[in-house]
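Worksheet: the structure to be examined is printed underneath.
Number of protein chains: 2
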Amino acid sequence: MDDFLTLKNQLCFAIYETSSEFTKLYTNVLHPFGLTYPQYLVLLALWEKDGLKVKELGETLNLGTGTLTPMISRMEANGWVRKERSKVDERKVYIHLQAKAKEEKKAITQKISEELLTCKIELEEYEQLLKQLNQLQRKLRERK
Amino acid sequence: MDDFLTLKNQLCFAIYETSSEFTKLYTNVLHPFGLTYPQYLVLLALWEKDGLKVKELGETLNLGTGTLTPMISRMEANGWVRKERSKVDERKVYIHLQAKAKEEKKAITQKISEELLTCKIELEEYEQLLKQLNQLQRKLRERK
DNA sequence: TTAATATAAATCGCATGCGATTTAATCGTG
DNA sequence: CACGATTAAATCGCATGCGATTTATATTAA
Numbered sequence: 001m002d003d004f005l006t007l008k009n010q011l012c013f014a015i016y017e018t019s020s021e022f023t024k025l026y027t028n029v030l031h032p033f034g035l036t037y038p039q040y041l042v043l044l045a046l047w048e049k050d051g052l053k054v055k056e057l058g059e060t061l062n063l064g065t066g067t068l069t070p071m072i073s074r075m076e077a078n079g080w081v082r083k084e085r086s087k088v089d090e091r092k093v094y095i096h097l098q099a100k101a102k103e104e105k106k107a108i109t110q111k112i113s114e115e116l117l118t119c120k121i122e123l124e125e126y127e128q129l130l131k132q133l134n135q136l137q138r139k140l141r142e143r144k
Numbered sequence: 001m002d003d004f005l006t007l008k009n010q011l012c013f014a015i016y017e018t019s020s021e022f023t024k025l026y027t028n029v030l031h032p033f034g035l036t037y038p039q040y041l042v043l044l045a046l047w048e049k050d051g052l053k054v055k056e057l058g059e060t061l062n063l064g065t066g067t068l069t070p071m072i073s074r075m076e077a078n079g080w081v082r083k084e085r086s087k088v089d090e091r092k093v094y095i096h097l098q099a100k101a102k103e104e105k106k107a108i109t110q111k112i113s114e115e116l117l118t119c120k121i122e123l124e125e126y127e128q129l130l131k132q133l134n135q136l137q138r139k140l141r142e143r144k
């Protein structure tokens, strides 16, 4: 059972697949709200701390401007966020939640947790995975 | 510590991030070979069983033809695989490895495992994560 | 003070990933 | 046989994701 070339024994593939499954689950819930999964992650970040700069949002989500700038534009067009270029330093752009994003927060997170409940994930399982994944991430980043 | 709305406490985000880190690591290694990470997954599947149909490859990798068809075309253009439409049933298309994919197998997998070694992931950690992720995947799929 | 650097965001090109539709071929049932 | 249903792949449109470059602004050092 030490066949490390088998697809089903690849940790990278297990994570790739699980990530894809999560995306599908979240997409199911978010689609009626007119949100994508990455856009929901942006909202999660802003619900936690509104008015982040594009750069900070990028650091929080591990995304570059090549991904964020167009995504934020779409979210602005859909009324979720608002961009505001700093008067003091015009290189900086702050992203603020719009009223819609604050109003819908409860409904969105409610639907998400309902859907997650149907998966019957044990708290212990959840926390252990979270811990192990963070440890793995650290190792992936800190190599070299 | 029961703040389930915090980005860093989201299992979905931990998986999303870890998947992205893995992709970066693999991309580092694969880029010199002219391969992307999803293309490498296709090779992994075909090294295990050559001559899969597009449909079977899709089932193996959880990908639809909207993703696979253009990707396979690129891999064909780059000399990794070959498409062969079945004579018996012209709806079916078999994907075969080309010589290059067989010849480079050892070099590619060698480089990948070297890179993974630098992460110092314990065997126990690896196997436990694999098991837990498979269990989680089952739960995500089997809800409803 | 200004010229070189550095920083922040935007832009560009390319490769996924996916839902939905289309096209082509085969199957199944009357 | 024949025609509607099914199946397999291709195609389409849209939204990421990312490396690389460009643009605009601010900082710094001579």
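Chains as they are written, first to last, in full-length UniProt numbering: chain A, 1 to 144; chain B, 1 to 144.
Using N, Cα and C, we set each Cβ at its ideal position, and we do this for glycine too.
Alpha-carbon to alpha-carbon, residue j and residue i
i                 : j                 : result
Gly-66 (chain B)  : Asp-89 (chain A)  : 44 Å
Gly-79 (chain A)  : Lys-100 (chain A) : 7 Å
Ile-108 (chain B) : Gln-10 (chain A)  : 15 Å
Tyr-40 (chain A)  : Gly-64 (chain A)  : 17 Å
Leu-140 (chain A) : Cys-119 (chain B) : 6 Å
Gly-51 (chain B)  : His-96 (chain B)  : 5 Å
Asp-3 (chain B)   : Arg-91 (chain B)  : 52 Å
Gln-98 (chain A)  : Lys-106 (chain A) : 15 Å
Leu-43 (chain A)  : Lys-83 (chain B)  : 43 Å
Glu-48 (chain B)  : Lys-24 (chain A)  : 27 Å
Glu-115 (chain B) : Lys-55 (chain A)  : 29 Å
Arg-85 (chain A)  : Lys-53 (chain A)  : 9 Å
Ile-72 (chain B)  : Glu-142 (chain B) : 30 Å
Lys-131 (chain A) : Lys-87 (chain B)  : 52 Å
Ser-113 (chain A) : Val-93 (chain A)  : 32 Å
Leu-133 (chain B) : Glu-122 (chain A) : 13 Å
Glu-125 (chain B) : Gln-128 (chain A) : 12 Å
Asn-62 (chain B)  : Arg-138 (chain B) : 14 Å
6 Å Cβ shell around residue i - same chain, five flanking residues per side excluded
i                : result
Tyr-26 (chain B) : Tyr-37
Pro-70 (chain B) : none
Met-1 (chain B)  : Model confidence at Met-1 (chain B) stands at a pLDDT of 47, short of 50, so the residue's coordinates are unreliable; what they give is reported in the following sentence. Cβ neighbours of Met-1 (chain B) beyond the five flanking positions: none.
CB-CB length for residue i against residue j, believed under 8 Å
i                : j                 : result
Thr-60 (chain A) : Leu-7 (chain B)   : 7 Å
Asn-46 (chain A) : Val-81 (chain A)  : In the sequence under discussion, the amino acid at residue 46 (chain A) is Leu, which differs from the Asn named in the question. Contact flag correct, Cβ pair sits at about 7 Å.
Val-29 (chain B) : Lys-111 (chain B) : 5 Å
First through last residue of the beta strand (DSSP E) which encompasses residue i
i                : result
Arg-82 (chain A) : 81-85
Val-93 (chain A) : 93-97
Beta-carbon proximity list for residue i, same chain, < 7 Å, skipping 5 on both sides
i                 : result
Gly-34 (chain A)  : Asn-78
Leu-57 (chain A)  : Val-42, Ala-45, Leu-68, Ile-95
Met-75 (chain A)  : Gln-39, Val-42, Val-81
Glu-104 (chain A) : Phe-33
Leu-5 (chain B)   : none
His-31 (chain A)  : none
Limits of the unbroken alpha helix (DSSP H) element including residue i
i                 : result
Lys-24 (chain B)  : 11-30
Gly-58 (chain B)  : 54-61
Thr-36 (chain B)  : Segment: none, Thr-36 (chain B) is in no alpha helix (DSSP H) and carries neither H nor E.
Ser-76 (chain A)  : The question names Ser, but residue 76 (chain A) is Glu in the sequence shown. Unbroken alpha helix (DSSP H) run through Glu-76 (chain A): 65-77.
Arg-143 (chain A) : Unbroken run through Arg-143 (chain A): none, as it is neither H nor E.
Contacting residues, own chain, Cβ-Cβ under 8 Å from residue i (five flanking each side not counted)
i                : result
Cys-12 (chain A) : none
Any non-hydrogen atom of the ligand GTP closer than 6 Å to residue i Cβ
i                : result
Glu-76 (chain B) : Ligands in the displayed structure: none, and consequently the ligand GTP is not present.
Cβ contact (3+ pairs, closer than 8 Å) linking the segment 15-29 of chain A and the segment 15-31 of chain B: yes
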